Amino acid sequence: MQCRPSLAKLDRFLVSTDLDQTYPLSKVKALPRITSDHTPITLSTGIHPPTRRFRFERVWLSKEDFAANVPCWWNEVTPKTSAILTLSAKLRHCRIRIKEWRKTNFYSISSTKRLLQEELQNIDLLEERFALSHESRDRRDAIKAQFQIILQEEEILWNTRSKQFWLEEGDSNTKFFHAVANGRKHTNAIEVIEDESR
């Protein structure tokens, strides 16, 4: 990026009346400049997705305390009257303990990305009024480096969900991987469980 960039940004979308009526809570927001001199903009429809169900994430295995804690959590459950009840109780207990661990020991990738973007945006706003200090430029570089690590972890998450093992590091065709991962959710849905003993 230039030390003294030309500061101008486009902050408008052209939408049809149908789209405006379908998504009346839409908002336009300028995002921080992360890898370019250009300011990206995003259009939010104002519709929030439903909360996601619990899902094991492969990226947790990169944390040493997670791998060490799982056997302890597994053995905290006392055996039940049958093997299937014991297995079910252990899985349920591990899910609860993993959720607790995730809240205290593993940051949310999406919220961390948002916080980094907000901090970058504050630096960008500061740059619009004043020449940035050496410390602010160094901080922006550090945030960008941390953001790249977050993007790599996000790529691992989507790679796991899409089950496409030919994803190479650095490839970030996220629209495709989101489609594959969301498509799997529909094919893996269990509608009914039959109990033959009843």
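Here the sequence shown is numbered in the working numbering, starting from 1 and rising by one per residue. The beta carbon of each residue, even a glycine, is placed where N, CA and C say it ideally should be. As the structure is a prediction and not an experimental result, all values here were calculated from the model.
For Arg-33, the closest alpha carbon among the candidates Leu-25, Lys-144, Trp-74 is that of Lys-144. When DSSP reads this structure, Leu-43 sits in a beta bridge with Val-28. Around Lys-99, the same chain offers Phe-54 as residues with beta carbons nearer than 7 angstroms, after the five sequence neighbours per side are excluded. Excluding residues up to 5 positions away in sequence, Trp-73 lie with their Cβ nearer than 6 angstroms to the Cβ of Arg-97 in the same chain. Here Phe-130 is exposed, its C-beta having fewer than 16 other C-beta atoms within 10 Å. Counted as a single uninterrupted DSSP element, the alpha helix (DSSP H) harbouring Asp-65 occupies residues 64-75.
A residue is called buried when at least 16 other Cβ atoms come within 10 angstroms of its Cβ; Leu-120 meets this threshold and is buried. Per DSSP, Ile-34 is not a residue of any alpha helix (DSSP H), being assigned neither H nor E. At a Cβ-Cβ threshold of 9 angstroms, Ser-62 and Thr-45 do not count as neighbours.
The beta-carbon distance between Lys-29 and Thr-39, rounded to whole angstroms, is 10 angstroms. This is too long to meet the 8 angstroms contact definition. With fewer than 16 other beta carbons inside 10 angstroms of its own, Arg-114 counts as exposed. Beyond the five residues adjoining it in sequence on each side, Glu-57 comes within less than 7 angstroms, by CB distance, of Leu-157, Thr-160 in the same chain, given in chain order. Looking from the CA of Ile-109, the closest CA among Glu-64, Ser-197, Ile-149, Val-15 belongs to Ile-149. Beyond the five residues adjoining it in sequence on each side, His-93 comes within less than 7 angstroms, by CB distance, of Trp-73, Glu-76, Val-77 in the same chain, given in chain order.
Taking the Cα positions, Tyr-23 is about 34 angstroms away from Gln-146.
Taking C-beta atoms as the reference points, Glu-153 and Val-70 fail to come closer than 9 angstroms.
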